[in-house]
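*Asks:*
Numbering (UniProt numbering), first residue to last: 1 to 127.
(1) Keeping to the same chain, check which residues put their C-beta closer than 6 Å to that of residue 68; ignore five residues upstream and five downstream.
(2) Any idea what DSSP makes of residue 79, helix, strand or coil?
(3) Leaving aside the five residues before and after residue 49 along the sequence, list all residues of the same chain whose C-beta is less than 7 Å from its C-beta, in chain order.
(4) Are the Cβ atoms of residue 91 and residue 12 separated by less than 8 Å?
(5) Alpha carbons only, please: which of 122, 2, 41 is nearest the one belonging to residue 104?
(6) Going straight from the alpha carbon of residue 83 to that of residue 58, what length do you get?
(7) Return helix, strand or coil for residue 106, following the three-state DSSP convention.
(8) Any beta carbon from chain C within less than 8 Å of residue 42's own beta carbon?
(9) In the structure shown, what three-state DSSP assignment does residue 46 receive?
(10) Which residues bound the alpha helix (DSSP H) around residue 11?
(11) Report all residues from its chain with a CB closer than 8 Å to the CB of residue 44; omit the five preceding and five following residues, and keep chain order.
(12) Look at the Cβ atom of residue 52, then the Cβ atom of residue 117, and state whether they are nearer than 8 Å.
(13) DSSP on residue 60, reduced to helix/strand/coil?
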């Protein structure tokens, strides 16, 4: 895999923004006094938040490709042809699948909230 494809993938998933979204999770755990040592639940939540964001960004870029191209959005990796639309779609679908699997380890309310959230990400992008 070339450096430009790796760069394009990191632009697609907005790595920094996706990671930044997870910081609030840890900060809230620390402030609530709940996160004092390693807890597998927080790792699962971190992965769900991060992978959800990755999938949301990927599917949004996939569906907005023509609009971004017509608006000459040269900050989009698909418009710049750094990665293919197929890669973006595969990333989005894989992310969706992983989040569904990870959400099965949550309590029922959290799982439902998670599934509704990812559904909204995808519906927003398709609309």
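Glycine included, each C-beta is placed from N, C-alpha and C at the ideal position.
*Replies:* On the basis of the supplied data:
(1) As a working note, residue 68 is residue 68 in the chain shown. 76, 79.
(2) As a working note, residue 79 is residue 79 in the chain shown. Three-state result, residue 79: coil.
(3) Working through the chain shown from its first residue, we reach residue 49 at position 49. When the five nearest sequence neighbours on each side are left out, the beta carbons in the same chain lying within less than 7 Å of the beta carbon of residue 49 are those of 21, 22, 25, in order along the chain.
(4) Stepping through the chain shown from its first residue, residue 91 is reached at position 91. Stepping through the chain shown from its first residue, residue 12 is reached at position 12. Less than 8 Å divides the Cβ of residue 91 from the Cβ of residue 12.
(5) Sequence index remark: in the chain shown, residue 104 carries index 104 (1-based). For residue 104, the closest alpha carbon among the candidates 122, 2, 41 is that of 41.
(6) By one-based count along the chain shown, residue 83 stands at place 83. By one-based count along the chain shown, residue 58 stands at place 58. Rounded to the nearest angstrom, the two C-alpha atoms are 11 Å apart.
(7) Within the chain shown, numbered from 1, the residue matching residue 106 stands at position 106. Coil, per DSSP.
(8) Annotation note: the requested chain C is absent from the structure, which comprises a single protein chain.
(9) Here residue 46 refers to the residue found at position 46 of the chain shown. The answer is helix: DSSP assigns residue 46 an H, G or I state.
(10) What you label residue 11 is simply residue 11 of the chain shown in a count that begins at 1. Residue 11 -> alpha helix (DSSP H) spans 3-12.
(11) The residue you call residue 44 lines up with position 44 of the chain shown. Closer than 8 Å at Cβ, skipping near neighbours: 102, 105, 106.
(12) Here residue 52 refers to the residue found at position 52 of the chain shown. Here residue 117 refers to the residue found at position 117 of the chain shown. Yes, the Cβ-Cβ distance between residue 52 and residue 117 is below 8 Å.
(13) If you number the chain shown from 1, residue 60 lands on position 60. Residue 60 falls in the helix class under three-state DSSP.
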